[in-house]
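If you use our numbering, the sequence shown corresponds to residues 161 to 527, in order.
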Amino acid sequence: MVRCGCAWWRQYGNFIDNVRLFTKGGSGGMGYPRLGGEGGRGGDVWVVAHKNMTLKQLKNKYPQKRFVAGVGANSRVSALKGSKGKDCEIPVPVGISITDENGKVIGELNKEEDRILVAKGGLGGKLHTNFLPLKGQKQVIHLDLKVIADVGLVGFPNAGKSSLLSRVSHAKPVIADYAFTTLRPELGKIMYSDFKQISVADLPGLIEGAHMNKGMGHKFLKHLERTRQLLFVVDISGFQLSSVTPYRTAFETIILLTKELELYKEELQTKPALLAVNKMDLPDAQVKLDELMKQLQHPADFLHLFEKSMLPEKAVKFQHIIPISAVTGEGIEELKSCVRKSLDEQDSKDNDAYHRKQLLNLQISSA
């Protein structure tokens with residue numbers, strides 16, 4: 161049973177990635193003191209992952225967002241043991257993290273049909289409750305969606321991430337020559353001739369201070385946690401957010417992006433990373449690329465020029481560095497090949513690790 165009340169949503173345009181819901185387990189059924197009958201337990205509230213579900217669909221289908229499970233059946237002469245109340249299931253997309261009002265993680269739903277109990281039903285009336293039923297558990301929960309993709313695009317605003325996504329996939333993100341065109345995550349798929357598909361997430365551009373939630377940085381950085389690989393996209397001509405903010409060279413943007421990832425969550429730096437140097441169709445791009453490659457190959461010769469607060473503890477090691485132009489298509493096929501190669505290598509390592517673990521378990525069980 162679903163009853164309606166109030167709820168809170170956070171959305172960017174039509175994209176919703178966080179929901180606050182009220183949940184309540186069903187009350188138990190009345191016991192039957194004269195015959196010692198027990199009331200049925202109240203139904204439970206579950207959050208269940210569905211492959212094609214979105215939080216927007218959840219909002220539209222259940223606009224008030226108050227989920228209450230069914231009441232347990234009362235004990236009666238014809239059925240001394242009351243039946244359990246009907247469970248309530250909340251359909252959500254794969255990739256949901258569930259927390260309570262205090263921010264404590266209840267669980268995550270990473271696969272289709274994963275389910276988590278969020279509100280237990282109350283006990284039915286029985287001897288030790290004086291045959292009176294107990295109320296179900298009440299809990300306010302937060303559903304936080306983290307996009308699941310093979311590759312996450314990382315970059316400052318207007319680096320050309322959306323143009324790149326439209327080049328490598330059939331996605332149609334909004335593209336314009338100004339910062340913050342992308343206001344919500346966009347997903348696309350790279351299609352290969354052997355029918356292999358690799359999903360790519362274009363996230364809104366980060367700014368300096370994203371780890372402190374500037375520019376809603378936390379809302380965007382969190383999506384990188386569910387990606388297998390990071391693809392840094394850097395404008396070869398550098399970046400300047402506005403006339404009152406400092407101009408950053410391509411090398412500086414890489415350093416600052418790395419620092420933002422480190423300050424948000426160090427684990428992000430352990431993900432395999434590639435670098436796409438975009439806008440190679442611009443004048444003097446090759447000269448600037450030569451300088452950038454020199455800086456990346458010998459960073460120690462240049463890092464002393466930075467303020468200490470800008471420097472990450474650990475530099476990202478790029479598996480591949482590919483000069484591209486998302487406008488002309490230069491380097492796009494090489495980039496797609498490098499992305500595929502990197503993920504295939506990662507799959508091979510994961511497969512080897514799995515088989516080593518299975519072999520070790522077999523040896524232990526045989527000992």
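Just so you know, even glycine gets a beta-carbon here, dropped at the ideal spot from N, CA and C.
Same chain, Cβ closer than 8 Å to residue i, neighbours up to 5 away in sequence not counted
i              : result
glycine 196    : Leu240 and Leu287
glutamine 506  : Arg388, Gln389 and Pro432
lysine 477     : Ala433
isoleucine 258 : Val207, Val265, Ile266, Gly267, Glu268, Leu269, Ile276, Val278, Ile301, His302, Leu303 and Asp304
cysteine 498   : Leu434, Gln479, His480 and Ile482
7 Å Cβ cutoff met for residue i and residue j
i                 : j              : result
glycine 232       : glycine 242    : yes
glycine 263       : glycine 185    : no
arginine 235      : glycine 199    : For the record, residue 235 in the displayed sequence is serine; it is not arginine. In this structure, glycine 199 lies closer than 7 Å to serine 235 by Cβ.
phenylalanine 291 : proline 193    : yes
asparagine 438    : alanine 486    : yes
valine 393        : threonine 413  : no
glycine 285       : isoleucine 276 : no
valine 207        : isoleucine 250 : yes
leucine 434       : glutamine 479  : yes
leucine 423       : glutamine 429  : no
arginine 201      : lysine 246     : no
valine 252        : methionine 190 : no
lysine 306        : arginine 386   : yes
Residue i versus residue j - alpha carbon distance
i                 : j                 : result
alanine 513       : leucine 269       : 24 Å
glycine 384       : lysine 496        : In the sequence as displayed, the identity of residue 384 is leucine instead of glycine. Cα to Cα, the separation comes out at about 19 Å.
leucine 503       : glutamine 389     : 8 Å
isoleucine 524    : asparagine 511    : 20 Å
lysine 216        : aspartate 461     : 50 Å
aspartate 260     : aspartate 304     : 11 Å
aspartate 177     : methionine 453    : 38 Å
phenylalanine 182 : glutamate 467     : 47 Å
aspartate 444     : phenylalanine 399 : 16 Å
arginine 500      : glycine 315       : 20 Å
aspartate 310     : serine 323        : 18 Å
glutamate 458     : leucine 391       : Glutamate is not the amino acid found at residue 458; the sequence shown has histidine there. Taking the straight line joining both Cα atoms gives about 21 Å.
phenylalanine 355 : isoleucine 256    : 28 Å
serine 353        : serine 526        : 45 Å
alanine 436       : proline 317       : 15 Å
glutamine 455     : histidine 302     : 44 Å
valine 228        : leucine 363       : 35 Å
aspartate 450     : leucine 218       : 50 Å
glutamate 473     : arginine 408      : 20 Å
serine 397        : leucine 465       : 19 Å
alanine 339       : serine 402        : Caution is warranted here: a pLDDT of 39 is assigned to alanine 339, below 50, making its placement in the model unreliable, and the coordinate value is therefore given only provisionally. One C-alpha to the other measures close to 9 Å.
valine 404        : alanine 361       : 30 Å
proline 406       : isoleucine 492    : 30 Å
glutamine 518     : asparagine 220    : 45 Å
leucine 294       : glycine 282       : 5 Å
Beta-bridge partners of residue i, as assigned by DSSP
i             : result
threonine 183 : Phe227 and Gln299
cysteine 498  : In the DSSP output, where bridge partners are listed per residue, cysteine 498 has none listed.
glutamate 346 : Asp362
leucine 434   : Leu391
alanine 279   : Val205
threonine 259 : Val265 and His302
leucine 313   : Asp362 and Leu391
glutamine 357 : Met351
lysine 244    : DSSP lists no partner for lysine 244.
valine 252    : Ala209
tyrosine 192  : Gly197
Sequence-distant residues of the same chain with beta carbon closer than 6 Å to residue i, five excluded per side
i             : result
lysine 298    : Lys184
lysine 280    : Gly185, Asp204 and Gln297
lysine 349    : Ser329, Gln357 and Ser359
glutamate 494 : Ile482
Residue of the options minimising C-alpha distance to residue i
i              : options                           : result
isoleucine 484 : Pro364, Glu273, Met440 and Leu434 : Met440
proline 345    : Leu381, Lys468 and Ser353         : Leu381
lysine 448     : Tyr352, Leu325 and Phe411         : Phe411
valine 278     : Cys248, Thr289, Leu294 and Lys306 : Cys248
glutamate 426  : His464, Phe355 and Ala475         : Ala475
serine 326     : Met351, Ser397 and Arg408         : Met351
threonine 488  : Gly202, Gly282, Thr289 and Gly320 : Gly320
lysine 225     : Gly202, Val179, Ile258 and Leu456 : Val179
leucine 347    : Pro317, Gly312 and Asp354         : Gly312
glutamine 446  : Glu490, Ser353 and Ser238         : Glu490
Sequence-distant residues of the same chain with beta carbon closer than 7 Å to residue i, five excluded per side
i              : result
methionine 470 : Ile415, Leu416 and Lys419
valine 254     : Ala209, Lys211, Leu269, Asn270, Lys271, Glu272 and Ile308
histidine 515  : none
leucine 463    : Leu471
serine 238     : none
Interface flag, residue i vs chain D, CB-CB below 7 Å
i           : result
leucine 417 : Considering every chain present, this structure includes no chain D. It has just one protein chain.
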